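>
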Amino acid sequence: QGVWVLQDCQEAPLVLYRPVDGQWQSVPESAVLKKVSGVLRGNWAMLEGSAGADANFSSLYKATFDNMTSYLKKKEERLQQQLEKKQRRRSPPPGPNGQAKKMRPGEATLSC
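Just so it is clear: in the sequence shown, position 93 is 93 by UniProt numbering, and no numbers are missing.
(1) According to the Cβ coordinates, are S30 and Y17 closer than 7 angstroms?
(2) Spatial neighbours of W24 within its chain, please: CB distance less than 8 angstroms, with the 5 preceding and 5 following residues excluded, ordered by chain position.
(3) Let's see if you can read the secondary structure: which residues bound the alpha helix (DSSP H) around Y71?
(4) Compare the Cα-Cα distances from C9 to each of M68, E48, V39 and report the closest residue.
(5) When the distance is taken between beta carbons, is V36 closer than 7 angstroms to L6?
(6) Please report the straight-line C-alpha distance between L72 and Q80, rounded to a whole angstrom.
(7) Assign V5 to one of three DSSP states: helix, strand, or coil.
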């Protein structure tokens, strides 16, 4: 368990760090570290310069988007729909000829 760090150095191509008392400490030469470093040294021609490969990504950047305009537009539409719903609830539904039915004075409502 730990963090393996590839370095651009043929003599010490790999460093292993492990947490010790809440701090990351480099591990002194261990059998596993020696073995893996030996394999890396044997393939150094292929690996040389790969530790500094972050230069290849210098043109990349994190894109940011301004979605405030679309948010405000949707909010306005939502508020408009809510207002229309409230207005529909307040006005009585139209009668058969398109107008709201009005009760005449003295006319009783029939109920079953």
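Cβ coordinates follow ideal geometry from the N, Cα and C atoms, glycine included.
All figures in this text were calculated on a predicted structure; none of them were measured in a lab.
By the coordinates alone:
(1) no
(2) V3, Y17, R18
(3) 68-90
(4) E48
(5) no
(6) 12 angstroms
(7) strand
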